[in-house]
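Protein chains in written order, with the working numbering: chain W, 2 to 264; chain Z, 2 to 694.
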């Protein structure tokens, strides 16, 4: 089997918050994601999904642990890591004053896409994501659906092997969300390794090849939907999620005693 | 440095965004271009109008006294004996009015000037009974027996002031002619070889004069324009991007942080440069077409190769200015916050650019180490034809180094997680202490503004009132307002705790040691930027005027500031900032803030030093009380020293600088004092950024 495109080992991030003191937003997370695979990060708001993905995209520095993207470690070689990934989230906005075409050119350039192939790549993207009608309009004049297309196109502008979608559907209407999921599915079929975070169970069920359940900064379980069903005895992802979250929640002591009681 | 593709992409994006935003373009480019000539034209128009008005003014003069006849004869005779040098008949500018009570008419502005002509005897009697002002010469002098002509006027009215001046010049001219003619008429032999003729002739070549004049202002004008131009794009770039969410997108791209900053910096520099260039062309055009005449200074001819040299010289200054603007933007969490920071930043940038205007500043002094200021002085010298290559190169290198450092800070700032993820802002809704910690700098800024407006607009002559209102009220009220607004707990916010008794020994030793240290700092400043002596004297008079008894000075100059300034600076300001910095940086920052509230440029370093000491004491003892006592004793010592009331200490000795030996001993003693305080320390709680595991 080939090496995974994305791998984390003991990835940990600690924040300090005024009210709560030291908070482990991400606690010893181990993940892998391979080519042609969508790994879903499923968790409630504040579970640590965004923090994990931000560490992978090198915007945040891990407090401890390691993470690799295409064999490049996030702290040692952040530029190479970012060259190999495209990051999309509801909070990654577009520059309003430039046109769709200029947006794609800009992101191809800053991501060091080979210069001689940039123009051809732009045409390809415009064609593929159906941007042709508004390629020369300024982004500020576009509808939210059009903006979404441009946003995805700019995410893959430099044709990176790894894609990160951080709660991409959160601000979208139903049709746009469906379209986005279809696009993500096609990108997987092309061999991209995709990390996809969501708090919507049905979305994870439909789209993801494997699901990592993340709760209070920890990965509670990882596996295909079938594996998760087998291990918990529940059918629906919602029940599976609650099952793991319950085991985790009661108290550390209780969990410890459960562990010790096991033969 | 190689211009990589990402750098060029970021640069292009910034310029494109600017050019496509009509509002930014209007405010940052079009407006200044139109505004400056408009100001020049308006200024020119007002000036010429005023000149014409004064020229055309005729003055109403009333003559009184027992020698009215003499006065009139003098003034009337001039018609046929115009004194040398007078262009037109000056008597036509005086219109004589006959009045019963000229004094009252003068007070009511019915006339401009009263000419009081008296015999010597009348004048003497008048001086003795107090009805006549003895004049600046005072009673009996070299002209005993001569009749006196006194010109009475009101200096608050332009017409009266100008009238008195014109009349005086006129009478002096007449007196000279009259004396000469009397001498001649008396057949007095005047040997010409014993007559001294004094004339002053300016032999400086016109280029040097114009160069000097231009050189003094050029840096200020250019940097001012560039800062204004660059600030619009700078605030929009990082702070605006954080607000819009595009920074997040950009930071997940493969561009290096250094490349992003470089691209943005170049864009700001380009805009700043372009605007300055347009302005210069603009001025040249207006001057060339003769639409505005602002004198020769700006019309000085600069050959192209010199202009190129100037460009190269200014390059690091432009980079530094742009870098500081970018850094401001990087530290702001939103566009609004960036705009708020901008005014003080602009001020701080323009200040060093004004240094070449100060008299007596040479590049071969410590000013060489002050970025921007050193280049300003270098350019001034260059335009005067005085070139010292090693100094100029050092100046260039120092400013370039500062620019590099600032750029580096920008790179770090866009890697700072706390600055990037400014989205956790629950405090904004819940209020309280957390909110105060966020807003404390804004509040300090507002207080600073209030204090400036107060000090420069409300003239309080009496020191006692100035102290009570300008210091006591302002700095006493501020903590109260803050505590009320943010519902702070007063004892914690003001650090009202009892320190360990042993601390007081340290304070008693520390006060004199601190004074010597601060005097040392003053000497240090003096070697960098020589402090004008007049300024020192006027400051001394302003702070310890002779007319006020010592016990009152001790209250108003020592006790009032000692308590209220501490409540503000070592009280709420320190409390609000305590989480942002570690203890050392905190002492420096609070000290500096304390310094900038003493607006005189020369007082900032010394008061900031005292501020650092006082903050350090508060941080070590966790209590405001030692700082209050220290501050009060410090000021009290200064008051007593100025009155020569400290045993064995001469105020002259202090004023002239105590010398390095004493300052260093002071510093050592200060160290000992702090060692004592350290020994009995009860540190200020919760200082420094929360630790991340």
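Ideal placement from N, C-alpha and C gives every residue a C-beta, glycine not left out.
Excluding five sequence positions before and after residue 492 of chain Z, the CB atoms of its chain that fall closer than 8 Å to its own CB belong to 498, given in chain order. Of all alpha-carbon atoms in Z:667, Z:659 and Z:678, the one lying nearest the alpha-carbon of residue 617 of chain Z is that of Z:678.
Against chain Z, the CB of residue 108 of chain W has a partner CB under 8 Å away; the residue lies at that interface. Of all residues in the region 565-598 of chain Z, none comes within less than 8 Å of chain W when Cβ atoms are compared. For the region 65-94 of chain W, the set of positions with a beta-carbon nearer than 7 Å to some beta-carbon of chain Z reads 80, 83, 84, 88, 92, 93 and 94 in chain order. With fewer than 16 other beta carbons inside 10 angstroms of its own, residue 646 of chain Z counts as exposed.
Excluding its 5 nearest sequence neighbours in each direction, residue 235 of chain Z has C-beta neighbours in its own chain below 6 Å: 269, 326, 327 and 330, listed in chain order. When secondary structure is reduced to three states using DSSP, residue 165 of chain W falls in the strand class. Here DSSP, grouped into helix, strand and coil, assigns residue 582 of chain Z to coil. Sequence-distant Cβ neighbours of residue 684 of chain Z in its own chain, meaning closer than 6 Å and more than five residues away, are 623. Measuring C-alpha to C-alpha distances from residue 63 of chain Z to each of Z:161, Z:179, Z:479 and Z:346 identifies Z:161 as the nearest. Beta bridge pairing from DSSP links residue 151 of chain Z with Z:117.
For residue 173 of chain W and residue 226 of chain Z, the gap between their C-alpha atoms comes out near 45 Å. Pairing residue 32 of chain W with residue 220 of chain W gives a Cβ-Cβ distance under 8 Å. Proximity of chain Z to residue 27 of chain W at the Cβ level (cut-off 7 Å) is not reached, the minimal Cβ distance being about 12 Å. Straight through space, the alpha carbons of residue 440 of chain Z and residue 138 of chain W are spaced by roughly 40 Å. Residue 493 of chain Z has a beta carbon lying at 8 Å or more from every beta carbon in chain W.
At least one CB of chain W lies nearer than 8 Å to the CB of residue 254 of chain Z. Under the three-state reduction of DSSP, residue 67 of chain W is assigned to strand. When only Cα atoms are considered, residue 575 of chain Z and residue 353 of chain Z end up about 28 Å apart.
Residue 14 of chain Z reaches chain W at 96, 99 and 107, counting residues in chain order whose Cβ is nearer than 7 Å. Within the region 140-157 of chain W, contact with chain Z at the beta-carbon level (separation under 7 Å) is assigned to no residue. Ranked by Cα distance from residue 394 of chain Z, the first of Z:530, Z:372, Z:275 and Z:578 is Z:372. Within the same chain, Cβ atoms closer than 8 Å to the Cβ of residue 74 of chain W are found at 67, 68 and 82, the five residues on either side in sequence being excluded. Separation of residue 136 of chain W and residue 198 of chain W (C-alpha to C-alpha, rounded to the nearest whole angstrom) is 29 Å. Counting only residues of its own chain and dropping the five nearest sequence neighbours on each side, residue 551 of chain Z has a CB closer than 8 Å to the CB of 640, 641, 644 and 646.
Among the bridge pairs identified by DSSP, residue 62 of chain Z is matched with Z:97 and Z:114. Residue ranges of uninterrupted alpha helix (DSSP H) with 4 or more members, entirely inside the region 484-518 of chain Z and ordered along the chain, are 491-494.
Contact annotation: the region 114-128 of chain Z touches the region 65-75 of chain Z, with at least three C-beta pairs closer than 8 Å. Among the residues facing chain Z, residue 36 of chain W is not included, as its CB has no counterpart in that chain under 8 Å away.
Between residue 163 of chain W and residue 60 of chain W the beta-carbon gap is near 15 Å, outside 8 Å, which marks them as no contact. For residue 97 of chain W against residue 141 of chain W, the beta-carbon gap comes to about 4 Å, under 8 Å, which counts as contact.
Setting aside the 5 residues that flank it on each side, residue 621 of chain Z is surrounded in the same chain by 678, 679, 682 and 684, each with a C-beta closer than 7 Å to its C-beta; the list follows chain order. Between residue 664 of chain Z and residue 474 of chain Z, the beta carbon gap of about 35 Å keeps them out of contact (Cβ cut-off 8 Å).
Taking the Cα positions, residue 48 of chain W is about 14 Å away from residue 41 of chain W. Residue 223 of chain W carries a strand assignment under DSSP once its states are collapsed to helix, strand and coil.
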